[in-house]
Amino acid sequence: NAGVTQTPKFQVLKTGQSMTLQCAQDMNHNSMYWYRQDPGMGLRLIYYSASEGTTDKGEVPNGYNVSRLNKREFSLRLESAAPSQTSVYFCASTGQGYSPLHFGNGTRLTVT
Amino acid sequence: TQLLEQSPQFLSIQEGENLTVYCNSSSVFSSLQWYRQEPGEGPVLLVTVVTGGEVKKLKRLTFQFGDARKDSSLHITAAQPGDTGLYLCAGVEGTYKYIFGTGTRLKVLA
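Structural data, given as structure tokens:
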């Protein structure tokens, strides 16, 4: 019972490089989310997908793009990484209503 | 900017003490959730409150949703070292948009 799986777990990039963070869930959830967590800042919403085929901006979308590939998968792309994007990135999913968010274990990204 | 402000940001207390964590916003939420996060892991849900004024209890933890659905509190009675962790509130805007608070890091000393 995997839940929400994120890859990779760790990544180091140089400024200007691009990369895609992958997220997959096996709980048949409709909604998926990307958050970043910086020290002392809690979690900030980057993008979310309420259902397959839709995506919406969250609190801090600048510098990121997302793709809802299918119901299971939701990817986050950094086109030109900047040191300010050094953070821990969490993917989450949920069913409907006031359901809880189920989180992956995060991707720790460092941009030098 | 963070829409949900939590206080205090850090809390270090002795085992057996009581504590309250606050979660405040100027926005109205359809529901509010509390999560706890351990190092190296994602947050895990503790409780969801939906109705203004609602109070829920989970063993030694008591959660309250403000009457206007803009704020919430978490009270822990007789804290134990196992309560140590990062506590996060999350407000739900509409149906799908989950906004997290700034977090409260709790350390309970034995």
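Chains as they are written, first to last, in the numbering used here: chain U, 1422 to 1533; chain W, 114 to 223. Even glycine gets a Cβ: it sits at the ideal position worked out from N, Cα and C.
Neighbours of Pro156(W) across chain U, judged by C-beta separation under 7 angstroms: Phe1524. The alpha-carbon of Ser186(W) is positioned some 14 angstroms away from that of Phe213(W). Thr161(W) reaches chain U at Tyr1519, Ser1520, Pro1521, counting residues in chain order whose Cβ is nearer than 9 angstroms. Using a 10 angstroms sphere on the CB of Pro152(W), the tally of other CB atoms stays under 16, which defines it as exposed. By the neighbour-count criterion, in which 16 or more other beta carbons inside 10 Å mark a residue as buried, Gln127(W) falls on the exposed side. Annotated three-state conformation of Gln1432(U) is strand, per DSSP.
For Asp1447(U), there is no enclosing beta strand (DSSP E), as DSSP gives it neither H nor E. In the structure shown, Asp180(W) adopts coil according to DSSP, grouped into three states. Taking 8 angstroms as the upper bound for CB-CB distance, Asn131(W) and Ile189(W) are in contact here, some 7 angstroms apart.
What Lys172(W) touches in chain U, judged by beta-carbon distance under 8 angstroms, is nothing: the nearest beta carbon there is about 18 angstroms away.
Cβ contact annotation for Pro1429(U) (same chain, cutoff 7 angstroms, sequence separation greater than five): Thr1528, in chain order. Taking the Cα of Tyr1519(U) as reference, the smallest distance to any Cα among Ser125(W), Thr161(W), Leu116(W) is reached at Thr161(W).
At a cut-off of 8 angstroms between beta carbons, Gly1527(U) contacts chain W. Non-local beta-carbon contacts of Ser1439(U) in its own chain, meaning distances under 8 angstroms to residues more than five positions away in sequence, involve Arg1498, Leu1499, Glu1500, Ser1501, Ala1502 in chain order.
Residues of the same chain with a CB within less than 6 angstroms of the CB of Glu1494(U), apart from the 5 flanking positions on each side, are Ala1445 in chain order.
Taking Ser1452(U) as reference, the option from Ser1496(U), Leu1434(U), Val1532(U), Phe1431(U) with the minimal CA-CA separation is Ser1496(U).
Here the C-alpha atom of Ser120(W) lies approximately 22 angstroms from the C-alpha atom of Val1481(U). Cβ-Cβ distances below 8 angstroms link Glu118(W) to Cys136, Asn137, Ser138, Gly214, Thr215 in the same chain, with the five nearest sequence neighbours on each side left out; the list follows chain order.
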